[in-house]
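Colleague: My questions all concern the structure below.
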Amino acid sequence: MAITLKIQRFLGEKKWEQEYRLEVETGMTVLGALIKIKETMDPTLTFTASCRSSICGACAVKVNDNAVLACETLLADLLKRYASDTLTIAPLGNFTVLRDLMVDWQPKYDRLKKIKPALQPKTEFSASEGCRQSKDEFKKYSKNSECILCGSCVSECNKSNLNSKDFLDPFIFSKAAKFVADSRDKDAVAHLEPAVKDGLWKCLNCQECAAKCPKGLSPAEDIEKMRIATFEKKMSSNEGSDHAMAFYDDVKELGRLDEAKLALKTEGLKSALRVPVAYRLMRSGKLNPLEQAKPIGDIEKVRAIMKAAKEKKL
Amino acid sequence: MSRRTFLKVGAAAGAAVVAGAYFAWPGSNIPEAVRSGSALYDVLIIGSGGAGMRAALEASKQKGIKVAVMTKMAPTRSATTMAQGGINGAARNTDTKDSPEIHAFDTVKGADYLCDQDAVAYYTEESAKMLFELDYSGIAFNRQEDGRFHQRKMGGSSYARAAYSADISGHAVLHTMFEQCLKENIDFISECQLLEIVAMNGKLSGVVAVDMRSGEMLSVPAKTVIVATGGYGRAYWVRTSNPYSSTGDGIAACLNIGIPFKDPEMVQFHPTGLASNGVLLSESSRSEGAHLLNSSGERFMARYAPKAMELGPRDLVCQSVEKEILAGRGIGEGLKAAVYLDFRHIPKAIIQERLFQVRQLALQFEGVDIFDAPAPIRGTCHYSMGGIDVVDYKTCATKIAGIYAAGECSCISVHGANRLGANSLSEVLVFGKTAGAAAAAYAKGAGYEGDKEKLKAAVAAWNRKFDETTKRSQGASVAMIRDKMAMTMWNNAGIFRNEKGLRQAMGDMQELQAMYNTCQVGDSSRTCNTAFMNYIELGNLLRLGKGIIYGGLARKESRGSHSRTDFPQRDDKNFLQHTLISKEGDGFKTEYRPVMIGQYKPVERKY
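If you want it as structure tokens, here you go:
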């Protein structure tokens, strides 16, 4: 059948959308279509691709606003999913576009360096005899080693979209989590510290990265794991971890949140800046500073659940 | 506000500004010194696959040595990522009976004796150590009970010798190397395509490359250049497992300055490419026990390799697959003809743990779930044994001082007429390391003897060429010429060859070259002009394809991957020699160099 691809074009200062109509052949992928357009209709259409078997990460693009690897995405599946004979193709989001569908990776590599992206082998290991690691220890990080640097997670990240200046790209957190989880690494803190500094507690937890990763990684889950690791490593607190601890303490103590104290516990003295807000809340009767929060009736059950969760090390 | 709060807020604001400034740094694909023309590299590496990155890491160990890796794409998109099954080295974790000597014998036998045995001995010694180094660098190797990395047995190997990371071993190797390069702050010159290595009268000046982003022609002076640009499998275009980027750019550049193209006819066809598009199903499929079946469900390898069966070497298995198809025992017809690769007897848990990529690829491109049905497969061009003539395996030097080669683009020669599965990943690392060390040592003791004026002249010539070729509005398209090239290469210089077919291919290629000389690029923009890139790549493939045909015509015997139906026997008397194709005027000349025979005397191969 014939379909229409609306492709977002970009060159120099110019940005436009261009339509191409082509016949879908059996087994044709998005990449197959892009190549067909370039070879038979418009040699100026620009995109990158290399392995065409989902492992080099060069060909990720957005189709109808969702990041996919062009080489593994069958057009027939997309047409069925969107029940339409028209698809839009655009470059990945949260990247600088160089031309058409080609984006700039360089700043990402520079940021990747921040989390010390290499194993720091424990002293008992050596280059002449390698390392030792159990099968279970291997499983703790092996999934994270499957990242192909395609950028799908970056494209979909709502936090990066909002402000990427204080937040590393999702795959960078997954890379850091790999070393944190690798039993061969001697110093998880060296990877955790920069992660904390550059946004570990700022993830919005929207799970888009996990939903869109073509390799089934979950940067969001990796971020959660690293947050837990910061407590295990007794790393110095920050607003993010204090906020989480405030929730934890309240629930453990009361079985619910004590919102009057939340800002104070999270931000410490800085919460003084919140006084005008607190004042307005008090005036409208939404906050009573004199109220003594009491534990809920089933507090023991809540504490038992929390204890079980902690011991199982979820 | 208390004084303390004031300070805290101030500090936070300061940190935010600093962080903002850091992130706002635009970054560039090219170091500033290269753009301004003031850079002079001690070691300039072309290609960012396993060999290139390993070379960079080794060269940068020398203090005061300026190193950079140039790549035509982003650094992690290379063919190395596509290696699946594993990385050979006699580490003896899994099979204590293994040794570098046995690995050497397997390699020599696999190569059908067309390799240099001194180089092979060096390679197997070093690769045994290499695996431990890799483990120490943080690669995700699958483990065995004692905590060491586990090894699996690949085709043509006597023992379990291949360390692996599921069925994405190459990806694991490459990303481990990239991690190390980030750690060592290696300079990358990304998205720059090599156009020419400038060397005259045996003196290297540097390279000319096009910056893809700006279209600017750059000259990069260098004391040494390590060519690590990969193979030339794309000469067969769709019938290959190689990435689009495997266009032999470095080999063509070396050929142009007088460095021979060694054993070009030795092109490996892998038996298990998907029938529809040549994408590879890993050899680890057969390593984990998958069977090859013909249309009547017979395990036909019993006919060709009764002992090794499916785990025979690639040349033998691939030729067996093709023979079944030619004898009418395959399925489908024409280019879609195939036989089956059957996984149904393998426990699903093993497939999920070790062959998940294989399962995904079969599902994606053939619509076959290997849990329930066999996958249709056929030979696909997989590896270039031939390549840049390396004259000293201990340094990876070529005949021109300061120019080195490592990885698939090189011919050292370790793989001879047929490479064993899982030997390439260790080869790229062993010889990448060797080349990196040798180039750095050479650069340290040498001044820059090149001529920057010659580089400038080359840049001017490339600018003229860009303008001239991109301006054309008539002529054949790059894609059309390329498809015709692939068709004649597959039909006449493919798995089986003969005089008539090779002559036909030679004529076709000459016609195609004429078309190429007046073809149109179709895009005149200087910004990210991938059409120009494809045009350059096709020019390289046409040259190298012609080299394959030249070598194939001259080698009147069948050896390893080179199978001549008109000369079905191996002829050690005349052809236990490397083919050397070099430039002579506008054409090529063919010369020979005897193979270095060590302790393993050539005998007939049996599996």
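Chains as they are written, first to last, in my numbering: chain X, 1 to 314; chain S, 1001 to 1607. By construction, the Cβ of each residue, glycine as well, lies at the ideal position given by its N, Cα and C atoms. Everything numeric in this text was worked out from a predicted model, so none of it was measured.
Taking 7 angstroms as the threshold (beta carbon to beta carbon), is S/L1182 in contact with chain X?
Modeller: Taking the second sequence and counting its residues from 1, the one referred to as residue 1182 of chain S is at position 182. Answer yes: the Cβ-Cβ gap between S/L1182 and chain X drops below 7 angstroms somewhere.
Colleague: Output yes or no for whether 7 angstroms exceeds the beta carbon distance between X/L162 and X/D198.
Modeller: The residue labelled residue 162 of chain X in the question sits at position 162 within the first sequence. The residue labelled residue 198 of chain X in the question sits at position 198 within the first sequence. Not closer than 7 angstroms, so no.
Colleague: Could you spell out the range, first to last residue, of the alpha helix (DSSP H) harbouring X/H315?
Modeller: No answer is possible for residue 315 of chain X: the residues shown for chain X start at 1 and end at 314.
Colleague: Which chain X residues sit within Cβ distance under 8 angstroms of S/R1148?
Modeller: Position 148 of the second sequence holds residue 1148 of chain S. Under a criterion of Cβ atoms nearer than 8 angstroms, the residues of chain X adjacent to S/R1148 are, in order, G130 and R132.
Colleague: Quick check: the Cα distance between S/A1440 and S/R1077, rounded to an integer number of angstroms?
Modeller: Against the second sequence, residue 1440 of chain S aligns to sequence position 440. Against the second sequence, residue 1077 of chain S aligns to sequence position 77. Between S/A1440 and S/R1077, the C-alpha separation is close to 26 angstroms.
Colleague: Quick check: the Cα distance between S/T1080 and S/G1050, rounded to an integer number of angstroms?
Modeller: Here residue 1080 of chain S refers to the residue found at position 80 when the second sequence is read from its first residue. Here residue 1050 of chain S refers to the residue found at position 50 when the second sequence is read from its first residue. The alpha-carbon of S/T1080 is positioned some 6 angstroms away from that of S/G1050.
Colleague: When you compare only the Cα positions, how much space is there between X/I296 and X/S152?
Modeller: Within the first sequence, residue 296 of chain X is the residue found at index 296, counting from 1. Within the first sequence, residue 152 of chain X is the residue found at index 152, counting from 1. Approximately 44 angstroms, taken between the alpha carbons.
Colleague: Under DSSP, the beta strand (DSSP E) around S/G1587 begins and ends at which residues?
Modeller: The residue given as residue 1587 of chain S occupies position 587 in the second sequence. First-last of the beta strand (DSSP E) with S/G1587: G1587 to P1594.
Colleague: Smallest Cα separation from X/I148: which of X/G285, X/E25, X/S54 and X/E17?
Modeller: Here residue 148 of chain X refers to the residue found at position 148 when the first sequence is read from its first residue. Checking every option, the nearest Cα to that of X/I148 belongs to X/S54.
Colleague: Examine the Cβ distances between the region 1238 to 1254 of chain S and the region 1380 to 1394 of chain S and report whether three or more of them are shorter than 8 angstroms.
Modeller: yes
Colleague: In chain S, which residues lie less than 8 angstroms from X/T44 when you measure between Cβ atoms?
Modeller: Here residue 44 of chain X corresponds to residue number 44 of the first sequence, with the count starting at 1. Taking the beta carbon of X/T44 as reference, the chain S residues within 8 angstroms of it are G1522, D1523, S1525 and A1531, listed in sequence order.
Colleague: Using beta carbons (cut-off 7 angstroms, strictly below), is S/V1616 in contact with chain X?
Modeller: Chain S is shown from 1001 up to 1607; residue 1616 of chain S falls before or after that span and cannot be answered.
Colleague: Going by the CB atoms, is the gap between S/H1578 and S/K1109 shorter than 7 angstroms?
Modeller: Against the second sequence, residue 1109 of chain S aligns to sequence position 109. Against the second sequence, residue 1578 of chain S aligns to sequence position 578. Not closer than 7 angstroms, so no.
Colleague: Classify S/S1036 as buried or exposed, calling it buried when 16 or more other Cβ atoms lie within 10 Å of its own Cβ.
Modeller: Within the second sequence, residue 1036 of chain S is the residue found at index 36, counting from 1. Per the 10 Å Cβ criterion, exposed.
Colleague: Sort S/A1327, S/F1300 and S/I1197 by Cα distance to S/L1341 and report the nearest one.
Modeller: As a first step, residue 1341 of chain S is located in the second sequence; it is residue number 341 there, counting from the start. Nearest option by C-alpha distance: S/F1300.
Colleague: If we define contact as Cβ-Cβ less than 7 angstroms, is X/K15 a contact residue for chain S?
Modeller: Within the first sequence, residue 15 of chain X is the residue found at index 15, counting from 1. Closer than 7 angstroms: no.
Colleague: Interface residues of chain X around S/K1129 at Cβ under 9 angstroms?
Modeller: Within the second sequence, residue 1129 of chain S is the residue found at index 129, counting from 1. Near S/K1129 (Cβ distances below 9 angstroms), the residues of chain X are A127 and S128.
Colleague: Using C-beta distances below 7 angstroms, list every residue in its chain close to S/K1456, excluding the 5 sequence neighbours before and after it, in chain order.
Modeller: The residue labelled residue 1456 of chain S in the question sits at position 456 within the second sequence. For S/K1456, where only same-chain residues beyond five positions count, the Cβ hits under 7 angstroms are S1219.
Colleague: What separation, rounded to the nearest whole angstrom, lies between the Cα atoms of S/K1452 and S/S1205?
Modeller: Locating residue 1452 of chain S in the second sequence gives position 452, where the first residue counts as 1. Locating residue 1205 of chain S in the second sequence gives position 205, where the first residue counts as 1. Their Cα atoms are separated by approximately 7 angstroms.
Colleague: Under 7 angstroms between C-beta atoms, does S/F1023 make it to chain X?
Modeller: Here the question's residue 1023 of chain S lines up with position 23 in the second sequence. Its pLDDT being 35, under 50, S/F1023 is placed unreliably by the model, and the measurement read from it follows with that caveat. For S/F1023, the answer is yes, since a Cβ of chain X falls inside 7 angstroms of its Cβ.
Colleague: With a cut-off of 7 angstroms, does the C-beta of X/E39 fall near any C-beta of chain S?
Modeller: Taking the first residue of the first sequence as 1, we reach residue 39 of chain X at position 39. With 7 angstroms as the cut-off, X/E39 counts as an interface residue toward chain S.
Colleague: Can you say whether X/W16 is buried or exposed, counting buried as having 16 or more other CB atoms within 10 angstroms of its CB?
Modeller: Here residue 16 of chain X corresponds to residue number 16 of the first sequence, with the count starting at 1. The residue is exposed, with fewer than 16 neighbouring Cβ atoms inside 10 Å.
Colleague: Around the Cβ of X/D85, are there at least 16 other Cβ atoms within 10 angstroms (buried) or fewer (exposed)?
Modeller: The residue given as residue 85 of chain X occupies position 85 in the first sequence. With fewer than 16 other Cβ atoms from the protein chains shown falling within 10 Å of its own Cβ, X/D85 counts as exposed.
Colleague: So X/R132 is in the beta strand (DSSP E); what residue range does that whole segment cover?
Modeller: Residue mapping note: residue 132 of chain X aligns to position 132 of the first sequence, counting from 1. Neither: X/R132 is in no beta strand (DSSP E) and is coded neither H nor E.
Colleague: Would you report the Cα separation of X/F125 and S/D1135, rounded to the nearest angstrom?
Modeller: Taking the first sequence and counting its residues from 1, one reaches residue 125 of chain X at position 125. Taking the second sequence and counting its residues from 1, one reaches residue 1135 of chain S at position 135. Approximately 10 angstroms, taken between the alpha carbons.
Colleague: Of the residues X/C213, X/E25, X/I299 and X/F173, which one's Cα is nearest the Cα of X/K225?
Modeller: For the purposes of this step, residue 225 of chain X is taken as residue 225 along the first sequence, with counting starting at 1. Shortest Cα-Cα distance from X/K225 to any of X/C213, X/E25, X/I299 and X/F173 involves X/F173.
Colleague: Span of the alpha helix (DSSP H) holding X/C153?
Modeller: Within the first sequence, residue 153 of chain X is the residue found at index 153, counting from 1. The continuous alpha helix (DSSP H) containing X/C153 extends over residues S152 to E156.
Colleague: For S/A1441, which beta-bridge partners are listed by DSSP?
Modeller: Taking the second sequence and counting its residues from 1, one reaches residue 1441 of chain S at position 441. S/A1441 pairs with nothing; no bridge assigned.
Colleague: Quick one: what's S/P1225 bridged to in DSSP?
Modeller: The sequence position of residue 1225 of chain S within the second sequence is 225, counting from 1. First, the residue type needs correcting, since residue 1225 of chain S is Val and not Pro in the sequence shown. Answer by DSSP bridge pairing, in chain order: S/L1044 and S/I1403.
Colleague: With a threshold of 7 angstroms between beta carbons, is X/I305 in contact with chain S?
Modeller: If you number the first sequence from 1, residue 305 of chain X lands on position 305. No - not a single Cβ of chain S is within 7 angstroms of the one on X/I305.
Colleague: What residues from the region 82 to 102 of chain X come within 9 angstroms of chain A, judged by C-beta to C-beta, listed N to C?
Modeller: Absent here is chain A; the protein component of the structure consists of chains X and S.
Colleague: From S/N1256 to X/L217, what distance separates their C-alpha atoms?
Modeller: Your numbering for residue 1256 of chain S matches position 256 in the second sequence. Your numbering for residue 217 of chain X matches position 217 in the first sequence. Going by the C-alpha atoms only, they are around 45 angstroms apart.
Colleague: Looking at chain S, is there any beta carbon in it that lies within less than 7 angstroms of the beta carbon of X/K113?
Modeller: As a first step, residue 113 of chain X is located in the first sequence; it is residue number 113 there, counting from the start. Chain S, which has a Cβ nearer than 7 angstroms to the Cβ of X/K113, makes this yes.
Colleague: Please identify the residue among S/G1086, S/V1120 and S/A1083 whose C-alpha is closest to the C-alpha of S/K1394.
Modeller: The residue you call residue 1394 of chain S lines up with position 394 of the second sequence. Nearest to S/K1394 by alpha-carbon distance, out of S/G1086, S/V1120 and S/A1083, is S/V1120.
Colleague: At the level of alpha carbons, what is the spacing between S/S1038 and S/M1217?
Modeller: What you label residue 1038 of chain S is simply residue 38 of the second sequence in a count that begins at 1. What you label residue 1217 of chain S is simply residue 217 of the second sequence in a count that begins at 1. When rounded, the distance between both Cα atoms is 15 angstroms.
Colleague: Would DSSP call S/G1170 helix, strand or coil?
Modeller: Position 170 of the second sequence, counted from the first residue, corresponds to residue 1170 of chain S. The answer is helix: DSSP assigns S/G1170 an H, G or I state.
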